[in-house]
Structures are given as structure tokens and as C-alpha cells.
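Taking it in order: structure first as C-alpha cells, then the write-up.
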Amino acid sequence: MKFKRPIYRILFFAAWIAVLGGIATLVIAANGKTKSRTCKGVTVSINGDGETLYVQKGDVLKTIEHTAKGPVVNKHFGDLNLGALERTLEANPWIRDAEIYLDTKDVLHVSVWERQPIARVFNTAGASFYIDSSGFQLPLLETYSVRLPVVTGFTSDKRFNAKDSITLRGLKDVVAAIVKDSFWNAQIGQIDITPERKFELVPVIGSHIIKLGYGEDVEKKLNNLMIFYKQVLPKAGLAKYSTLDVQFEGQVVAVRKGPTSVVDSIQLQKNIEELMKRKAAEEEPDDALPAIPWVKAQPTTINDSLTEPPLEPTTTENNPSTADRPGQQKSNPAKNQIQKPSPQKPPKKPIKKQTLKPKAVMPAKSRNEY
-13 MKFKRPIYRI LFFAAWIAVL GGIATLVIAA NGKTKSRTCK GVTVSINGDG
37 ETLYVQKGDV LKTIEHTAKG PVVNKHFGDL NLGALERTLE ANPWIRDAEI
87 YLDTKDVLHV SVWERQPIAR VFNTAGASFY IDSSGFQLPL LETYSVRLPV
137 VTGFTSDKRF NAKDSITLRG LKDVVAAIVK DSFWNAQIGQ IDITPERKFE
187 LVPVIGSHII KLGYGEDVEK KLNNLMIFYK QVLPKAGLAK YSTLDVQFEG
237 QVVAVRKGPT SVVDSIQLQK NIEELMKRKA AEEEPDDALP AIPWVKAQPT
287 TINDSLTEPP LEPTTTENNP STADRPGQQK SNPAKNQIQK PSPQKPPKKP
337 IKKQTLKPKA VMPAKSRNEY
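Structure, rendered in C-alpha cells:
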């Protein structure tokens, strides 16, 4: 029995070697037979997550024929490099994965999985492109325009940094919540990314801005906004609000439209000028007073040595001859009033007038002397 064990082992390994050799022979024979076979047809299938297909079958066939340097049908399979064909198809940014194989009926099967765009981006540099859920940038299609939410304010870098990755995940959630609901998909026309990496929604109907905040709990925020739409806006209208802020939990902060800060500053300046005018008008009588205080005329304070004595008024007692003339009685008081200084007017400086009387007499004597 001790001598039989090595023999069994040798026989066991010999059997496995024979099996493996047979399999290898069959594979080589099959491969040689396959290379000698010719392609009888090509089948292209395009798989996508959405209803719209962005990769066309004709473009896939053109790419395969360009790589194979001619039509594939009636061509030997030995002349086709299936791996090279797959790599060429995957070089298309719209194709995420490609698989090519042959069936027993000599038909070449081409399966393509395309990328699904979620938004159209206009970056800070002015370029436009699509992005998929993984953040991969997709070029614009020449023959087809995809209707997707428009995103503005995104970074212009080709490679995303850590902040861009967080923003991209938030953008994915925002777009998914919008596209999921038919109302928001039709209502929201633009998604703006602020410098603080927050999201603002621009609706198609209405001139207000929806401040969404970060891309967290987007569905709850949109549900709160929907309640506001149903309960408040039918009474007040969409045109009365400039901003609807839903970034706070369980709240919708609505800001009504009003005068801008520029208008308020102008009105404030006008109010200040009006107050200054009123204050100046109130202070004007005091400011208009002369430096010398107003002194009413006092006839009794005039120097008697320099002035003539005032004339005594003529009355019927002093002049009895005028008593019998009624017409003169009315005129005499008026004449007598002329000599009296008016108490409401300032004095006419009688000192200078009295000093001029002798000067008016002196020149007459001087002319006689000459």
C-alpha cells in the first residue's frame, strides 16, 4: 500500500494535464476557425438611463468602420481587433462603456452604454457644456439640443477640486429633485451657483428669485415652497415678491418688491435738504438783524443846543382867528404833525442837519469877497 500512493498521485496529475491540454487544443482550434470566419452582420444596441438617446447608431458604425479601415461585413474576424474597437468607442465622451463580441451565427454585436447629462453649464469663463451625474464634462451636440436645467456660475477649471465635488453632489441632488417633479421641471429654468457655493433658482414664470441654499433636503424645501405657492400666491400674486428664501428649515421668507436702496438714499437726501431749509427759514429773522440794535426815535434825547426848539402846535386857543374857518380846522393838525418826528422811523441824525445851516450861509459871503 505504501508503494501504490505515489502511483495514484502520478496518475491524478497526468489526468489533469491531459484535460487542460485538451481544453487548450479546443480553444486554439476554435480560435483558428473563428479567425477564418467572415462577419455576416453587425448589431448595435445603445443603452441609456433616460428616454432620450444621445448616441446614434450611425455614428457608432462609422467609428467602427473607421477603426477597421473599411466595412465590417464580409470581413474576416481575424482582421478585426475587438479590443481596439472597444477603446475607440469609449474615447467618445458621450459613451461610458462599450462591449463587442461575436455570436455563433457570425454576427458582430456592439453594445454601448451612454452617459446621461443632468444639466447644461455656463461656467465663469463663458464656455458651455453638459455634465453627467459623476461630474464628467460632455461637449455640446451638433445636431441635437438637450432641454435641461441651465446652471450658471460654475467653476471654469477643467478638473474639479474638493469644493467643486461637494458643489457637484449638491447640484446633482438639486437637479434630481427638479427633474423628478413635473411642475418644478417646467417652472425652473435656471440654477445659479453663488460665490458661497449656494444655489438660487430662477423660475420661468415670475420675476422672483428662489434662494435654495446648499444642496441639502432639496425635496423638503421645494415642498414648503409649493405650499407657499398654493396658499399665499393666489391672494398676493407672483409679481409682488422679489425673493423667496427656503434655505431655513420649515420656513419660507418672502421679500416684497419695493424701492431700491438708491431711491431710498435720494429720498433721504431730499428730506435732509427740506429740514435744512426749514431750519434756515426759522433762523432767518435773527440772522437778518443789523449789528447795531434798532433804536426808536426819542425827541426828548436830542441835544437842545444844536437843534431848534420844536414848534408848538397851533390850536384854536393859540390862534382864535382860525376857529371860524371849518376848512382850516382839518388841515391844521396835519401840518402840525409834520414837525413831529415819527416814533417808528430811526432818527435822521439832526446833528448833521443843524451843522449844515451855517455852512449854507458862509459861501455867499465868500463870493462877495472875491
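If you count the sequence shown from 1, position 315 lands on 301 in my numbering, and the numbers rise without skipping.
Note that beta-carbon positions come from the ideal geometry of N, C-alpha and C, so glycine has one too.
Just so it is clear, the structure is predicted and the values come from calculations on it, not from any experiment.
Please report the straight-line C-alpha distance between Asp65 and Cys25, rounded to a whole angstrom.
10 angstroms
Give the secondary structure of Asp167 by DSSP, where H, G and I count as helix, E and B as strand, and everything else as coil.
coil
From Asp231 to Leu208, what does the alpha carbon distance come to, in whole angstroms?
11 angstroms
How many angstroms separate the CA atom of Leu47 from the CA atom of Pro181?
44 angstroms
With a threshold of 7 angstroms on Cβ separation, who are the neighbours of Lys321 within its own chain once the five nearest residues in sequence on each side are excluded?
Because Lys321 sits at a pLDDT of 43, beneath the cut-off of 50, its placement in the model cannot be relied upon, and the point is left open.
Would you list, in sequence order, the uninterrupted beta strand (DSSP E) runs of no fewer than 3 residues that lie entirely inside the stretch 22 to 66?
27 to 33
Whether or not the stretch 219 to 234 and the stretch 191 to 198 are in contact is what I'm after, with contact meaning three or more pairs of Cβ atoms, one per stretch, closer than 8 angstroms; do they touch?
yes
Closest by CA to Glu37, which one among Arg133, Ala240 and Tyr227?
Arg133
Given this structure, state the Cα-to-Cα distance separating Pro163 from Gly27, to the nearest angstrom.
The amino acid at residue 163 is misidentified as Pro; the sequence shows Ala. One C-alpha to the other measures close to 43 angstroms.
Beta-carbon separation of Leu124 and Pro103 under 7 angstroms?
yes
Mind pulling the beta strand (DSSP E) runs of 3 or more residues that sit fully within the stretch 55 to 131?
81 to 88, 93 to 100, 103 to 109 and 114 to 118
Near Ala369, what residues of its chain come up, given a Cβ to Cβ distance below 8 angstroms and the 5 sequence neighbours on each side ignored?
Missing from the structure shown is residue 369; the chain here goes from -13 to 356 and no further.
Measure the beta-carbon distance from Glu100 to Val41 and round it to whole angstroms, keeping in mind my assumption that it falls under 8 angstroms.
5 angstroms
Quickly, what does DSSP pair Glu186 with across the bridge? List them, please.
Asp178 and Lys197
Can you check whether the CB of Leu68 is closer than 7 angstroms to the CB of Ile86?
yes
Would you mind working out which of Ser168, Ala54 and Arg(-5) sits nearest Leu75, comparing C-alpha positions?
Ala54
Taking the straight line between their C-alpha atoms, what separation do you get for Phe214 and Pro220?
9 angstroms
Helix, strand or coil for Phe404 per DSSP?
Given a span of -13 to 356 for the chain in the structure shown, any question on residue 404 remains unanswerable.
Who are Tyr215's beta bridge partners in DSSP?
DSSP output for Tyr215 lists no bridge partner at all.
So what's Leu134 in DSSP terms, helix, strand or just coil?
coil
Test item: CB-CB of Asp92 and Arg23 under 7 angstroms:
yes
Ala240 - containing beta strand (DSSP E), residue span:
Val239 to Arg242
Quick one: residues in its chain with C-beta nearer than 7 angstroms to the C-beta of Leu6, no 5 flanking neighbours on either side, listed in chain order?
none
Starting from Asp231, follow the beta strand (DSSP E) in both directions and report where the run begins and ends.
Tyr227 to Asp231
Gly236 (DSSP reduced to helix, strand or coil):
coil
Judging by CA-CA distance, which residue of Val188, Ile32 and Ile179 is the nearest neighbour of Tyr200?
Ile179
Compute the Euclidean distance between the alpha carbons of Gln173 and Val190, then round it to the nearest angstrom.
5 angstroms
My output table needs one value for Gly192: the three-state DSSP class, helix, strand or coil.
coil
If the criterion is Cβ atoms closer than 7 angstroms, does the pair Asn210 and Val238 meet it?
yes
Closest to Ser131 by C-alpha separation, out of Val58, Gly139, Ser119 and Ser114, would be which residue?
Ser114
Could you tell me the distance, in whole angstroms, from the CA atom of Asn78 to the CA atom of Ser168?
31 angstroms
Drop a sphere of 10 angstroms on the beta-carbon of Trp2, count the other beta-carbons inside from all chains shown, and report buried for 16 or more, exposed for fewer.
exposed
Through-space distance from Asp35 to Val365, alpha-carbon basis:
The question about residue 365 has no answer, for the chain in this structure spans -13 to 356.
Starting from the Cα of Ser228, find the closest Cα among Gly236, Gly192 and Glu205 and give me that residue.
Gly192
So for Gly7, helix, strand or coil by DSSP?
helix
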